[in-house]
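Notes to accompany the following structure.
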Amino acid sequence: MTDCIFCKIANKEIPSYLIKESENFMSFLDINPHAPGHSLVIPKVHFSNLKEFEDELSSEFIKIIKDTMIDISKALNTDSFTLGINEGKLAGQAVLHLHFHIIPRFFSDKGGSIHSVVINKPNESIEEIYKKIKNESQN
Ligand code: 5GP
Ligand code: ZN
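Residues in the sequence shown are numbered consecutively from 13, following the numbering used here.
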């Protein structure tokens, strides 16, 4: 996509602090890091989000995430990470090109776990919600 900042990074039209590159993916430092070593992994081809992502690329995606973590782990001396995707506007997705955050964690870094991202306890029972999901489930 012509107007997409991550497509421009993928096409090397704009520079990045590249960490790892594979046939279909690259990882680089986030320009506005929330922690030392905060990095992003993107597919080189434009997918807006994980829902649009091609299943066939999944293992290469996981591999570059893992390899990037190993590099950061050694360089910055930590084995802890918060990993994830802001999928969709309500989750805080600002760049509409699929990207996976790798956020290294350190002692006393004032961060929380994934559980602290949202506190929105359901009004319905777990059974009711489970039934709704299973009614829509393909398999
Ligand atoms: P989102 O909220 O969409 O999950 O996060 C987008 C991330 O992309 C943000 O953490 C932001 O700092 C990062 N980002 C936005 N533009 C650029 C850029 O041009 N280069 C790099 N390296 N990171 C960017
Ligand atoms: Zn793009």
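Ideal Cβ positions, reconstructed from N, Cα and C, are used throughout, including at glycine. Just so you know, these numbers come straight off a predicted model, no measurement behind them.
Secondary structure note for I17: its alpha helix (DSSP H) is the uninterrupted segment I17 to A22. Taking C-beta separations shorter than 7 Å and ignoring five residues to either side along the sequence, the partners of D121 in its chain run A47, following chain order. Non-local beta-carbon contacts of K20 in its own chain, meaning distances under 6 Å to residues more than five positions away in sequence, involve I26 in chain order.
In the structure shown, S70 falls within a helical segment according to DSSP collapsed to helix, strand and coil. Relative to the non-hydrogen atoms of ligand 2, the Cβ of M13 comes within a distance shorter than 7 Å of at least one. With respect to the C-alpha of V129, the residue from L108, R117 and G96 having the closest C-alpha is G96. Checking the 7 Å criterion, the Cβ of H109 is within range of a heavy atom belonging to ligand 2. By the neighbour-count criterion, in which a residue is buried when 16 or more other Cβ atoms sit within 10 angstroms of its Cβ, F73 is buried.
Residues S39, V53, L95, F112 and I114 of the same chain have their beta carbon placed closer than 8 Å to that of I77, with the five preceding and five following residues left out of the count. Annotated three-state conformation of M13 is coil, per DSSP. Taking a contact as a CB-CB distance under 8 Å, the pair V107 and F37 does not count as one, their CB atoms being some 16 Å apart. With fewer than 16 other Cβ atoms from the protein chains shown falling within 10 Å of its own Cβ, L62 counts as exposed. When the five nearest sequence neighbours on each side are left out, no beta carbon in the same chain lies closer than 8 Å to the beta carbon of E139. Within 7 Å of the C-beta of F40 there is at least one heavy atom belonging to ligand 1. Residues K32 of the same chain have their beta carbon placed closer than 6 Å to that of D79, with the five preceding and five following residues left out of the count.
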